[in-house]
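K.L.:
Which chain is which? The protein sequence lines are A and B, in order.
Counted from 1, the first sequence has number 157 at position 133 by the numbering used here; the numbering is strictly sequential.
Counted from 1, the second sequence has number 73 at position 49 by the numbering used here; the numbering is strictly sequential.
Where a beta carbon is used, it is the ideal one built from N, C-alpha and C, also for glycine.
Number of protein chains: 2
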Amino acid sequence: MQTLTRKGAATRQRILEGAAELIREHGVAATTLDDVLSATSTSKSQLFHYFPGGREELLLAVARFEAGRVLEDQRPQLDELTSWPAWEAWRDKVVDRYRRQGRLCPLNAVTSHLGDRTPGAQAVVTELMGRWQAEIAAGVRHMQAAGEIDPGLDPERAAAAILAGIQGGVLIQMSTGQTTHLESALDLGIAYLRSSRDQAHQVTGSRSAP
Amino acid sequence: MQTLTRKGAATRQRILEGAAELIREHGVAATTLDDVLSATSTSKSQLFHYFPGGREELLLAVARFEAGRVLEDQRPQLDELTSWPAWEAWRDKVVDRYRRQGRLCPLNAVTSHLGDRTPGAQAVVTELMGRWQAEIAAGVRHMQAAGEIDPGLDPERAAAAILAGIQGGVLIQMSTGQTTHLESALDLGIAYLRSSRDQAHQVTGSRSAP
DNA sequence: CAGAAAATGGACCCGCAAGTCCAAAATTGG
DNA sequence: CCAATTTTGGACTTGCGGGTCCATTTTCTG
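#1: Rounded to whole angstroms, what is the Cα-Cα separation between Ser69/B and Glu80/B?
#2: Using a 10 Å radius around the Cβ and a threshold of 16 neighbouring Cβ atoms, would you call Gly213/B buried or exposed?
#3: Distance, Cα to Cα, Pro130/A vs Ala63/A?
#4: Which two residues bound the contiguous alpha helix (DSSP H) that contains Glu45/B?
#5: Around the C-beta of Arg181/A, are 16 or more other C-beta atoms found within 10 angstroms, so that it is buried, or is it exposed?
#6: Can you round the beta-carbon distance between Glu90/A and Ala44/A to whole angstroms, since I take them to be within the 8 Å contact cut?
#7: Run through DSSP, which three-state label would Thr55/A get?
#8: Enumerate in chain order the residues of its own chain whose CB-to-CB distance from Leu82/A is below 8 Å, with the five nearest sequence positions on each side excluded.
#9: Using 8 Å for Cβ pairs, my map puts Asn132/B next to Ser136/A. What's the rounded Cβ distance?
#10: Taking Gly201/B as part of the alpha helix (DSSP H), name the residues at either end of that continuous run.
#11: Name the residue from Gly77/B, Ala34/B and Val86/B whose alpha carbon lies nearest to the alpha carbon of Arg48/B.
#12: Thinking just about the alpha-carbon of each residue, which of Ser219/B, Met167/B and Ala185/B is nearest to the one in Thr204/A?
#13: Helix, strand or coil: which one does DSSP assign to Thr64/B?
#14: How about the segment 186-199 of chain A and the segment 192-200 of chain B: do they share at least three Cβ pairs that are nearer than 8 Å?
#15: So, is the C-beta of Val149/B closer than 8 Å to a C-beta in chain A?
#16: My understanding is that Ser219/A touches Gln146/B, with C-beta atoms under 8 Å, so please give their C-beta distance in whole angstroms.
#17: Cβ closer than 8 Å: which chain A residues qualify as neighbours of Leu206/B?
#18: Hey, does Gly42/B have any beta-carbon neighbour from chain A nearer than 8 Å?
#19: Taking contact to mean at least 3 C-beta pairs separated by less than 8 Å, is the segment 152-166 of chain B in contact with the segment 158-169 of chain A?
#20: Which of the three DSSP states is assigned to Ser136/A in this structure?
#21: Can you give the Cα-Cα distance for Val148/A and Ala161/A, rounded to whole angstroms?
#22: Out of Val134/B, Arg93/B and Trp108/B, point me to the one whose CA is closest to Gly171/B's CA.
#23: Among the residues of its own chain, which have a CB less than 8 Å from the CB of Val119/B, if the five just before and after it don't count?
#24: For the alpha helix (DSSP H) that contains Leu95/A, what are its first and last residues?
#25: At the 8 Å Cβ level, is Arg221/B part of the contact set with chain A, yes or no?
#26: Going along the segment 191-216 of chain A in order, which residues come within less than 9 Å of chain B, judged by CB to CB distance?
#27: CA-CA distance, His50/A and Thr29/B?
#28: Would Gln146/B count as contacting chain A if we go by Cβ distances under 8 Å?
#29: Comparing the C-beta of Ala161/B with each C-beta of chain A, is any distance below 8 Å?
#30: For Gly139/B, return the contacting residues in chain A, with the cut-off set at a CB-CB distance below 9 Å.
#31: Considering only the alpha carbon of each residue, which of Asp178/A, Arg124/A and Arg88/A lies closest to Leu152/A?
#32: Taking only three categories from DSSP, how would you classify Arg231/A?
#33: Hey, Trp111/A and Gln98/A are a contact pair by Cβ (cut 8 Å); roughly how many whole angstroms apart?
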């Protein structure tokens, strides 16, 4: 497989997206290669042709595919965190996105399945988190420049906390089916930012561990 | 298996804890029943004697076992959120606990493996989250009674947000290996509570979805 | 101490799903 | 249009791991 015909690329993509959809609906453990084949009208030889590493390589590709969608689904709001209404709009977009997604987080499912072997899976998540945090931090800096947030507040640390709240909210949603934790976490994070302008703060620097 | 001999109960416990340890170290997918047997010096018939439901029942038991440890590991600090230093001590305890645990969250691993079938797994997590949130909320109420937190703030909602931050922090730690997100989330949550006394707040009531 | 019930050892079965292989069909490039 | 390359179909192999079974030993009960 040195070169990929247009037809070949299309087939590869069909397999990838079909696998992603099955995993989104039924989970990783319940998705076999044969399921993917029948769902995408392909054959074993095709799958192993385009994913020589077999199941593991396919799962990693799905992880990358899903990771790529996460930030895209938050645009354009994520890029425009330049006013409080914009932050609220972003909040609503995030809540809506994960409400739609339902109780299965494909990215968490895949990485938790690939586990500690296949370091590539963790790398995908790590990179996603890094970019996500950077975008939020950029929004914080923008509001600082506009005088809406205490300039002494550490943007990266605040962004890290908000990001953690989102992840945890989604995680809890996976068990409970409720988005209330996600909403509360985002609301608290934003409220914290808003309130920062008016007073001195404790969370501006790093803190030593116990 | 109507009655359990003392010896029988010990064997059952040995299997359970051995399985939990293997899962904590190598993950669910990489832990087979045979691994558990050889690690605990037991035989197939014993495992199926004490866990007639086989692998699934064992995994569920491990989930319960791990869930039971979570809150216990936070005591007594979790019960005594009655002053700001006490909150900080609890924060340190949580960070320390998950720093020790390393990159694998056994509870998340198990539930994510059992997935949507086996509703019992999600129930275990849901109950744990409920109790955890209740304990945090109790701490918030205590501080409200002491005049240290704005009485108009919704304790359950604040506790939900803080809990989400913890969960997300742990989740991110699983990929990155760093506890910075967990620390930031806890610090932001506590800072928010502390700052609440001094001003009006936006996050006291429920908010409609988009 | 005797009989019942529980605990144990380990061989065996079996289905599933990952992965291999080869030959045929389709596509590409000159 | 022809040769090279890529794409495709699907049968086949294989190993792993969950689950079954029965004989034997140990423990409890009265």
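P.N.:
The structure says:
#1: Here residue 69/B refers to the residue found at position 45 of the second sequence. Here residue 80/B refers to the residue found at position 56 of the second sequence. Using only the alpha carbons, I get a separation of about 16 Å.
#2: In the second sequence, residue 213/B corresponds to position 189, counting from 1. By the beta-carbon neighbour count (other beta carbons within 10 angstroms, threshold 16), Gly213/B is buried.
#3: Looking up residue 130/A in the first sequence gives position 106. Looking up residue 63/A in the first sequence gives position 39. Rounded to whole angstroms, Pro130/A to Ala63/A spans 18 Å at the Cα level.
#4: As a first step, residue 45/B must be located in the second sequence, where it is residue number 21. Arg30 to His50 is the extent of the alpha helix (DSSP H) around Glu45/B.
#5: On the first sequence, residue 181/A is found 157 positions in, with the first residue counted as 1. Classification for Arg181/A: buried.
#6: The count along the first sequence starts at 1 and reaches residue 90/A at position 66. The count along the first sequence starts at 1 and reaches residue 44/A at position 20. Between Ala44/A and Glu90/A the Cβ distance is about 6 Å, and since that is below 8 Å, they are a contact.
#7: For the purposes of this step, residue 55/A is identified with residue 31 of the first sequence, where counting begins at 1. Under the three-state reduction of DSSP, Thr55/A is assigned to coil, being neither helix nor strand.
#8: Your numbering for residue 82/A matches position 58 in the first sequence. These residues qualify, in order along the chain: Ile39, Leu40, Ala43, Leu57, Val60, Leu71 and Phe75.
#9: What you label residue 132/B is simply residue 108 of the second sequence in a count that begins at 1. What you label residue 136/A is simply residue 112 of the first sequence in a count that begins at 1. Confirmed, about 7 Å.
#10: For the purposes of this step, residue 201/B is identified with residue 177 of the second sequence, where counting begins at 1. First-last for Gly201/B: undefined, no H or E at that position.
#11: Counting from one through the second sequence, the residue named residue 48/B turns up at place 24. Per the Cα distances, Val86/B.
#12: Taking the first sequence and counting its residues from 1, one reaches residue 204/A at position 180. Nearest in C-alpha terms to Thr204/A, of all of Ser219/B, Met167/B and Ala185/B, is Ala185/B.
#13: The count along the second sequence starts at 1 and reaches residue 64/B at position 40. In this structure, Thr64/B counts as helix in the three-state DSSP scheme.
#14: Judged by Cβ distances under 8 Å, the segment 186-199 of chain A makes contact with the segment 192-200 of chain B, as three or more pairs qualify.
#15: For this step, residue 149/B is matched to residue 125 along the second sequence. Output row for Val149/B: interface = yes.
#16: Counting from 1 along the first sequence, the entry for residue 219/A is found at position 195. Counting from 1 along the second sequence, the entry for residue 146/B is found at position 122. In fact, because the Cβ distance is near 35 Å, the residues do not count as touching under 8 Å.
#17: In the second sequence, the residue the question calls residue 206/B occupies position 182. Here the neighbours are Ala188.
#18: Sequence index remark: in the second sequence, residue 42/B carries index 18 (1-based). For Gly42/B, the closest Cβ of chain A is not nearer than 8 Å.
#19: Segments in contact, no.
#20: Along the first sequence, one-based indexing puts residue 136/A at 112. Under the three-state reduction of DSSP, Ser136/A is assigned to helix.
#21: In the first sequence, the residue the question calls residue 148/A occupies position 124. In the first sequence, the residue the question calls residue 161/A occupies position 137. Answer to the nearest angstrom: the Cα atoms are 20 Å apart.
#22: What you label residue 171/B is simply residue 147 of the second sequence in a count that begins at 1. Selection Val134/B, Arg93/B and Trp108/B evaluated against Gly171/B yields Trp108/B as nearest (Cα-Cα).
#23: Here residue 119/B refers to the residue found at position 95 of the second sequence. Taken in chain order, the residues that qualify are Thr203, Leu206, Glu207 and Leu210.
#24: Your numbering for residue 95/A matches position 71 in the first sequence. Annotation: the continuous alpha helix (DSSP H) that includes Leu95/A extends over Arg79 to Glu96.
#25: Position 197 of the second sequence, counted from the start, is the residue given in the question as residue 221/B. Not an interface residue.
#26: When CB distances to chain B are screened at a threshold of 9 Å, the residues of the segment 191-216 of chain A falling below it are Gln191, Gly192, Gly193, Val194, Leu195, Ile196, Met198, Ser199, Thr200, Gly201, Thr203, Thr204, His205, Leu206, Glu207, Ser208, Ala209, Leu210, Asp211, Leu212, Gly213, Ile214, Ala215 and Tyr216, in chain order.
#27: The count along the first sequence starts at 1 and reaches residue 50/A at position 26. The count along the second sequence starts at 1 and reaches residue 29/B at position 5. Between the alpha carbons of His50/A and Thr29/B lies a gap of roughly 41 Å.
#28: By 1-based counting over the second sequence, the position of residue 146/B is 122. Closer than 8 Å: yes.
#29: By one-based count along the second sequence, residue 161/B stands at place 137. Under the 8 Å criterion on CB atoms, Ala161/B is classed as non-interfacial with respect to chain A.
#30: Locating residue 139/B in the second sequence gives position 115, where the first residue counts as 1. Going along chain A in sequence order, the residues near Gly139/B (Cβ under 9 Å) are His50, Gly51, Val52, Ala53, Ala54, Leu128 and Ala133.
#31: Here the question's residue 152/A lines up with position 128 in the first sequence. If we check each option's Cα against that of Leu152/A, Arg88/A comes out closest.
#32: For the purposes of this step, residue 231/A is taken as residue 207 along the first sequence, with counting starting at 1. Since pLDDT at Arg231/A reaches only 45, below the 50 mark, its modelled position is unreliable, and the value read off the structure follows with that caveat. Coil, per DSSP.
#33: Reading the first sequence from its first residue, position 87 is the one you call residue 111/A. Reading the first sequence from its first residue, position 74 is the one you call residue 98/A. Rounded, the Cβ-Cβ distance is 12 Å, inconsistent with contact.
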